[in-house]
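Report on the structure given below.
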Amino acid sequence: MIATSLPSLARAAEAEQVGNTTLNIAIFSAFVVLTLVFVIRASRTNKSTSQMYTAGASFTGRQNGFAISGDYLSAASFLGIAGAIALTGYDGFLYSIGFLVAWVIALLLVAELLRNTGRFTMADVLSFRMQERPVRTAAAVSTLVVSFFYLLAQMAGAGGLVALLLNINDSFGQALVIAGVGALMIVYVLVGGMKGTTYVQIIKAILLIGAALLMTVWVLAQYGFNFSDLLGDGAAAGAALEPGKKYGLDGVTKIDFISLSVALVLGTAGLPHILMRFYTVPTAKEARKSVVWAIWLIGLFYLFTLTLGYGAAALVGPERIAAAPGAANSAAPLLAYELGGTLLLGIVSAVAFATILAVVAGLTITASASFAHDIYTNVIHRGKAPDGQEVKVARIAAIVIGIVAIFGGIAANGQNIAFLVALAFAVAASANLPTILYSLFWKRFNTRGCLWSIYGGLIITVGLIVFSPAVSGSETAMFPDQDWSWFPLANPGLVSIPASFLLGIIGTLTSKEHLEIKAAEMEVRALTGAGAEGKALDH
Amino acid sequence: MSKSTESDSASPAPTEREAAYIAVLASPEFQELKRKHRNWVLPATGAALVFYFVYVLASTYAVDFMSEKLFGNINVGLVFGLLQFVATFVVTMAYVRYADRELDPRSAKIRDEMEAEGLA
Chain G
1 MIATSLPSLA RAAEAEQVGN TTLNIAIFSA FVVLTLVFVI RASRTNKSTS QMYTAGASFT
61 GRQNGFAISG DYLSAASFLG IAGAIALTGY DGFLYSIGFL VAWVIALLLV AELLRNTGRF
121 TMADVLSFRM QERPVRTAAA VSTLVVSFFY LLAQMAGAGG LVALLLNIND SFGQALVIAG
181 VGALMIVYVL VGGMKGTTYV QIIKAILLIG AALLMTVWVL AQYGFNFSDL LGDGAAAGAA
241 LEPGKKYGLD GVTKIDFISL SVALVLGTAG LPHILMRFYT VPTAKEARKS VVWAIWLIGL
301 FYLFTLTLGY GAAALVGPER IAAAPGAANS AAPLLAYELG GTLLLGIVSA VAFATILAVV
361 AGLTITASAS FAHDIYTNVI HRGKAPDGQE VKVARIAAIV IGIVAIFGGI AANGQNIAFL
421 VALAFAVAAS ANLPTILYSL FWKRFNTRGC LWSIYGGLII TVGLIVFSPA VSGSETAMFP
481 DQDWSWFPLA NPGLVSIPAS FLLGIIGTLT SKEHLEIKAA EMEVRALTGA GAEGKALDH
Chain C
540 MSKSTESDSA SPAPTEREAA YIAVLASPEF QELKRKHRNW VLPATGAALV FYFVYVLAST
600 YAVDFMSEKL FGNINVGLVF GLLQFVATFV VTMAYVRYAD RELDPRSAKI RDEMEAEGLA
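Below you can see the structure in the form of structure tokens.
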């Protein structure tokens with residue numbers, strides 16, 4: 001569904017004689033050179049933890065809004081949604097809608113309050129009034145788990161895409177390419193820190209939204225800008241205009257659709273790499289502005305996906321897309337080739353690659369910051385790490401995470417990656433969102449409730465996925481030949497998210513710990529920004 | 540370890556700094572800000588989510604209604620889906636307007652007073 005097997009897409013492309021390797025390398029190199037210039041320029045200030053993690057909170061709302069869009073619009077959004085709409089029609093549109101509506105929660109409930117109460121990581125907010133070490137540990141574990149699954153999917157997708165760009169088809173060559181992608185990403189993070197990474201994301205957002213706009217206008221021009229005619233052609237080719245083609249088969253698939261919709265809409269405000277972006281601006285008002293920019297950019301992009309999906313169905317045809325061994329993921333590149341030939345295919349593939357690289361860099365910086373700031377400094381050294389050590393640890397963590405992602409990406413190459421992205425969203429919505437909302441809006445919430453909700457959410461979500469048809473017992477599973485599944489839904493959100501909210505309440509009420517005094521300070525700071533504003537600039 | 544910390548934090552005497560924050564929290568100005576904030580964001584978030592889940596449920600269980608064509612090939616489902624975009628944009632703009640007018644001046648005033656007292 002999202003980024004299943006991109007290496008086979010390369011074979012399909014080759015079989016169809018699409019693409020020009022030299023041109024692709026040139027476009028791709030131009031992107032790498034352009035971003036490296038920004039990263040190296042940013043490196044001059046990349047010395048302190050504050051610079052490394054949040055660029056000294058020096059970005060404006062608009063810059064951060066573009067960067068959030070760059071962080072959020074992953075390959076799943078571009079290749080995945082266009083492909084899902086091209087193959088199943090209306091049901092694929094749910095992704096666009098869920099991914100967008102989710103931002104209402106981020107804007108109204110989370111962004112500003114989080115900016116006012118934390119400095120670097122999600123754990124800053126969660127541990128504000130709790131027993132610091134256990135809560136930080138739990139939040140860091142959850143951050144690392146979510147980031148790891150997200151990373152794995154992006155890395156495997158990167159391998160396939162670059163293989164397409166550079167026309168490499170054997171698995172050893174692709175493994176080398178994945179290693180190269182990982183190495184490049186480590187360089188971005190180490191050299192540029194959050195500032196360099198943010199510039200990469202801003203450039204990528206502009207390229208991606210620009211490419212989607214170009215293709216949308218191009219598709220519509222073919223239909224004399226009559227959207228209804230485009231839909232008619234898409235539907236005639238097989239992309240349904242009515243809901244239910246994919247999820248309307250029986251009672252279980254219908255529930256699965258609802259479960260997916262819950263995970264999509266509640267996952268965003270719990271994604272650690274998105275939450276961390278709110279710390280890169282100086283004030284809550286700038287955090288608000290950045291989310292507003294992000295909503296407009298992301299919303300616009302998802303409107304384009306509708307045209308791209310039905311356009312791919314109408315102009316390329318679902319049979320040809322499905323027959324391309326990369327299936328759904330080939331929809332956008334094949335549409336680009338259909339419209340603008342080799343040149344547009346090269347541009348769109350390079351943009352898709354830039355997309356993955358930027359997301360991977362954002363995830364790596366979040367995961368390494370969480371390890372260094374939460375585990376190393378605050379849990380191991382109880383907040384008093386030797387001078388300069390934390391940045392060093394963060395850099396080492398980025399290298400380790402990069403290497404783990406490279407090996408994970410090589411192992412997951414050609415695997416069912418959609419499942420990893422859905423897992424990341426479900427884990428984020430279950431383990432992170434309840435604790436964030438309780439921390440900000442419920443003064444009785446305490447350490448036990450926090451730990452039960454995070455660990456309970458993690459265990460339930462990962463457990464249900466292991467025993468779901470996404471892992472075993474179905475044709476599209478990771479292990480299609482075995483069957484240990486007993487949980488009927490591919491996405492566990494409908495069960496795991498309410499369970500984690502409940503665990504947070506039960507854990508809190510069964511503990512005698514009362515933290516209302518600390519909660520008072522947190523509440524005042526969250527709403528007024530007292531003690532937070534401008535402070536990050538001093539460090 | 541956790542046990543002793545729990546009983547410690549169950550009834551500690553507030554420090555001077557904590558008492559100051561508790562006083563700010565109890566002040567009518569802050570309570571008004573809190574009310575204005577919650578009374579807007581909670582219902583608005585709830586409404587957006589209800590609208591979203593009505594759409595999801597209609598797509599699942601009211602397929603005939605969603606498939607009804609309105610004009611050309613545009614059906615109810617597509618319009619309902621596009622209305623989700625409109626709703627998101629409308630909530631966003633309305634919130635920015637509300638926050639600029641009602642929330643920001645109030646929070647800035649409280650913050651300034653706290654800074655004048657050396658609290659922040």
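Keeping their order, the protein sequence lines are chains G and C.
Going letter by letter, the first sequence gives residues 1 to 539 in my numbering.
Going letter by letter, the second sequence gives residues 540 to 659 in my numbering.
For glycine and all other residues, C-beta sits at the position ideal for the given N, C-alpha and C.
Quick caveat, the model's predicted, so the values are computed rather than measured.
Proximity of residue i and residue j at Cβ, strictly below 7 Å
i: Ser500 of chain G; j: Gly456 of chain G; result: yes
i: Val615 of chain C; j: Glu607 of chain C; result: yes
i: Ser69 of chain G; j: Ala205 of chain G; result: yes
i: Ala405 of chain G; j: Ala372 of chain G; result: no
i: Gly409 of chain G; j: Ile178 of chain G; result: yes
i: Ala352 of chain G; j: Gln201 of chain G; result: no
i: Ile298 of chain G; j: Glu557 of chain C; result: no
Contacts that residue i makes with chain G (C-beta to C-beta distance below 9 Å)
i: Glu557 of chain C; result: Ile517, Lys518, Ala520, Glu521
i: Pro553 of chain C; result: Ile517, Ala520
i: Phe604 of chain C; result: Within 9 Å Cβ-Cβ: nothing; Phe604 of chain C doesn't reach chain G, min ~10 Å.
Under 7 Å by beta carbon: chain G residues contacting residue i
i: Asn578 of chain C; result: Result: empty, since nearest Cβ-Cβ is about 12 Å, beyond 7 Å.
i: Ala655 of chain C; result: The premise fails here: Ala655 of chain C is roughly 11 Å from chain G at the closest Cβ pair, so nothing lies under 7 Å.
i: Val593 of chain C; result: In chain order: nothing, as chain G lies at least about 11 Å away.
Residue i, DSSP secondary structure in three states
i: Phe479 of chain G; result: strand
i: Ile613 of chain C; result: strand
i: Lys285 of chain G; result: helix
i: Ser472 of chain G; result: strand
i: Lys204 of chain G; result: helix
i: Lys384 of chain G; result: coil
i: Lys608 of chain C; result: strand
i: Leu658 of chain C; result: coil
i: Glu516 of chain G; result: helix
i: Ile168 of chain G; result: coil
i: Pro134 of chain G; result: helix
i: Phe487 of chain G; result: coil
i: Ala119 of chain G; result: Looking at the sequence itself, residue 119 of chain G is Arg, so the reference to Ala does not match. Coil at Arg119 of chain G, not helix or strand.
i: Asn20 of chain G; result: coil
i: Ser566 of chain C; result: coil
i: Arg395 of chain G; result: helix
Residue i: contacting residues in chain C (beta-carbon distance under 8 Å)
i: Phe304 of chain G; result: Those within 8 Å of Phe304 of chain G in chain C number zero; the least Cβ separation is about 12 Å.
i: Ala499 of chain G; result: Those do not exist, as Ala499 of chain G stays about 18 Å from chain C at its closest Cβ, beyond 8 Å.
i: Lys204 of chain G; result: Simply none; closest approach about 23 Å.
Nonlocal neighbours in the same chain, by C-beta distance under 7 Å from residue i, ignoring five residues either side
i: Ala526 of chain G; result: Leu113, Asn116, Thr117, Leu440
i: Met540 of chain C; result: Because the pLDDT of Met540 of chain C is 38, which lies under 50, any placement of that residue in the model is unreliable, and the number read from its coordinates should be weighed accordingly. There are no such residues.
i: Pro134 of chain G; result: Thr447, Leu451
i: Met1 of chain G; result: Residue placement at Met1 of chain G is flagged as unreliable, the pLDDT there being 37, under the threshold of 50; a coordinate-derived value is accordingly withheld.
i: Phe93 of chain G; result: Ile85, Leu306
Chain G residues whose Cβ lies nearer than 8 Å to that of residue i
i: Gln570 of chain C; result: Under the 8 Å cutoff, chain G gives no residues; its nearest Cβ is about 11 Å from Gln570 of chain C.
Neighbouring residues, chain C, relative to residue i (Cβ below 9 Å)
i: Ser370 of chain G; result: Ordered by position in chain C, no residue passes the 9 Å Cβ test against Ser370 of chain G, which lies about 22 Å from the chain.
i: Trp103 of chain G; result: Thr627, Thr631
Counted within 10 angstroms of its Cβ, other Cβ atoms place residue i as buried (16 or more) or exposed
i: Glu286 of chain G; result: buried
i: Met605 of chain C; result: buried
i: Asn612 of chain C; result: buried
i: Gly657 of chain C; result: exposed
i: Asp170 of chain G; result: exposed
i: Thr510 of chain G; result: exposed
i: Gly224 of chain G; result: exposed
i: Asn578 of chain C; result: exposed
i: Thr4 of chain G; result: Any reading at Thr4 of chain G must be qualified, since the residue scores a pLDDT of 42, below 50, and its modelled position is unreliable; the value itself is stated next. Looking at its Cβ environment, which holds 16 or more other Cβ atoms inside 10 Å, Thr4 of chain G is buried.
i: Phe540 of chain G; result: Limits of chain G in this structure are 1 at one end and 539 at the other, which puts residue 540 of chain G out of reach.
i: Ala638 of chain C; result: buried
i: Ile209 of chain G; result: buried
i: Gly234 of chain G; result: buried
Proximal residues to residue i (C-beta, below 8 Å), its chain only, five neighbours per side dropped
i: Ala106 of chain G; result: Thr268, Ala269, Ile274, Val291
i: Phe227 of chain G; result: Leu220, Thr307
i: Ala240 of chain G; result: Thr88, Gly89, Tyr90, Asp91
i: Gln623 of chain C; result: Phe590, Tyr591, Tyr594
Chain-ordered neighbours of residue i on chain C, where CB pairs are closer than 7 Å
i: Lys285 of chain G; result: Asp643
i: Tyr90 of chain G; result: Gly616
Cut-off 6 Å between Cβ atoms - residues of its own chain near residue i, not counting five sequence neighbours on either side
i: Ser453 of chain G; result: Pro434, Thr435, Ser500, Leu503, Gly504
i: Gly383 of chain G; result: none
i: Ala422 of chain G; result: Asn491
i: Val391 of chain G; result: Thr49, Met52
i: Ala424 of chain G; result: Val146, Phe149, Tyr150
i: Leu344 of chain G; result: Ala336
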